[in-house]
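Peer 1:
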Amino acid sequence: YQNKTTAVKPALAQNKQTKTTMTDGTLTQATFTTAAKQFLELSQKYQDSWELVQSPSWPSYLRKSVQQQLTRLTGTTDVDDDLAEFEEVELDEDPSAAQVDTITTDVYRFEYHVVYSISYQVPVLYFNVFKSDGTLLRLEEAWSGFTELAGESREQLRQTLTQMEHPALFKPFLGLHPCQTANVLRTLPDSQNVIVSFLSIYGPYVNLELDPRYGLTGDQKNESGENE
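This is the structure in structure tokens:
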């Protein structure tokens, strides 16, 4: 990933005692849980729809469901094999005739989960996208739908946006692979809330935008002289 500037500036605190990540960018399970509870309080304050899910087999995680539009670019060979064979000469003369680029915009239901990874010791953003008929957006379809990730090379895209088993639900989810997350969070050692920082960086890649007020958290506390 490239660390891109988004509408939400990760909240930073001047007081070093409020660090939420270790120097290597990882965080403990307890730190994640505390940050998740604080994030939930902010969500309720800003009338956002995040909720904290208790799991018997995994640390509590955050969940949000929202309906929104997704525009996908599909480039497929829409000529079936028989027709392509029949019109082989014409297609060879004009190769672009076989390639049909279609832009489709539909409303989907997105379900986002912010889950703690025990192996990587970082937050992981899992999500699923439901079509109007209730079926899930396939991984191959998702690769064409998220424009922030579409700029990656095909190999980078496959490594970044992938399908993983949800550790608490044991079901396949789409997700942003956490292999580089610690390196990114390491650049934000004074983050007031690691989940705000994490989502402000990774969320826009998959159509998840935070209310800009989340980014004011640290500034407001500093101005009032309050410390966690």
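In terms of the working numbering, the numbers along the sequence shown are unbroken and rise by one, the last being 226.
Heads up, the beta-carbon is just placed ideally off N, CA and C, and yes, glycines get one too.
Since the model is a prediction, treat every value here as computed from it, not as a measurement.
Assign glycine 173 to one of three DSSP states: helix, strand, or coil.
Peer 2: Position 175 of the sequence shown, counted from the start, is the residue given in the question as residue 173. Residue state, collapsed to three classes: strand.
Peer 1: Tell me proline 121's beta-bridge partners as DSSP assigns them.
Peer 2: The count along the sequence shown starts at 1 and reaches residue 121 at position 123. Listed as beta-bridge partners of proline 121 by DSSP are Tyr114.
Peer 1: Quickly, what does DSSP pair serine 58 with across the bridge? List them, please.
Peer 2: The sequence position of residue 58 within the sequence shown is 60, counting from 1. In DSSP, serine 58 forms no bridge with anything.
Peer 1: With a CB to CB cut of under 8 Å and the five nearest residues on each side skipped, what residues in its chain are close to tryptophan 56?
Peer 2: Mapped onto the sequence shown, residue 56 falls at position 58. Take tryptophan 56, set aside five residues on each side of it, and the residues of its chain with a beta-carbon closer than 8 Å to its own are Val113, Tyr114, Pro165, Ala166, in chain order.
Peer 1: Measuring straight from C-alpha to C-alpha, what distance separates leucine 172 and isoleucine 199?
Peer 2: To locate residue 172, count along the sequence shown from 1; it is residue 174. To locate residue 199, count along the sequence shown from 1; it is residue 201. A direct Cα-to-Cα measurement between leucine 172 and isoleucine 199 gives close to 17 Å.
Peer 1: Is leucine 135 near leucine 147, with beta carbons less than 8 Å apart?
Peer 2: The count along the sequence shown starts at 1 and reaches residue 135 at position 137. The count along the sequence shown starts at 1 and reaches residue 147 at position 149. Contact: no.
Peer 1: Pick out whichever of Lys169, Ser58, Thr103 has its Cα sitting closest to the Cα of glutamine 65.
Peer 2: Locating residue 65 in the sequence shown gives position 67, where the first residue counts as 1. Taking only the C-alpha atoms, the option nearest glutamine 65 is Thr103.
Peer 1: If you run the structure through DSSP and keep just helix, strand and coil, what is leucine 147?
Peer 2: To locate residue 147, count along the sequence shown from 1; it is residue 149. In the structure shown, leucine 147 sits in a helix (DSSP, three-state: H, G or I).
Peer 1: Helix, strand or coil: how does DSSP classify arginine 136 here?
Peer 2: Sequence index remark: in the sequence shown, residue 136 carries index 138 (1-based). Arginine 136: coil per DSSP, three-state reduction.
Peer 1: Count the other CB atoms, across all protein chains shown, that sit within 10 Å of the CB of glutamate 86; report buried if there are 16 or more and exposed otherwise.
Peer 2: For this step, residue 86 is matched to residue 88 along the sequence shown. Unreliable positioning characterises glutamate 86 in this predicted model, as indicated by a pLDDT of 40, which lies under 50. The coordinate reading is nonetheless provided below. Per the 10 Å Cβ criterion, exposed.
Peer 1: What's the call for tyrosine 44, buried or exposed, on a 16-neighbour Cβ count within 10 Å?
Peer 2: By one-based count along the sequence shown, residue 44 stands at place 46. The C-beta of tyrosine 44 has fewer than 16 other C-beta atoms within 10 Å across all chains shown, which makes the residue exposed.
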